[in-house]
Amino acid sequence: MGYYILVGILALVAGVALGFFIARKYMMSYLKKNPPINEQMLKTMMMQMGMKPSQKKINQMMQAMNKQMK
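According to full-length UniProt numbering, the sequence shown is numbered sequentially starting from 1.
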């Protein structure tokens, strides 16, 4: 009887751990393929904040965000 409980608990822990790592890997690949912010969104945000976005500044911010994601 105790054997079945132990196997059930171990299976539950293994399932949770495996599910976590699969979900993490899926989200990492999804965010790499579909970044949350692109250049157009960044330009719009800067304009809303009252800044005049130059292409150089946008490129710097995009590089910083890409570096942070890795």
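Every residue gets a Cβ at the ideal spot worked out from N, C-alpha and C, and that includes glycine.
Only a predicted model underlies this, so the values are computations on that prediction, with no experimental measurement involved.
{"Asked": "Assigned secondary structure, Ile9 (DSSP; H/G/I helix, E/B strand, else coil)", "Found": "helix"}
{"Asked": "Coil, strand or helix - Lys50 by DSSP", "Found": "The sequence shown places Gly at residue 50, not Lys. It is coil, neither helix nor strand."}
{"Asked": "Cβ neighbours of Gln55 in the same chain (closer than 7 Å, five flanking residues each side left out)", "Found": "none"}
{"Asked": "Identity of the residue in Lys43, Leu31 and Met45 nearest Asn66 by Cα", "Found": "Leu31"}
{"Asked": "Under the three-state DSSP convention, the category Met62 falls into", "Found": "helix"}
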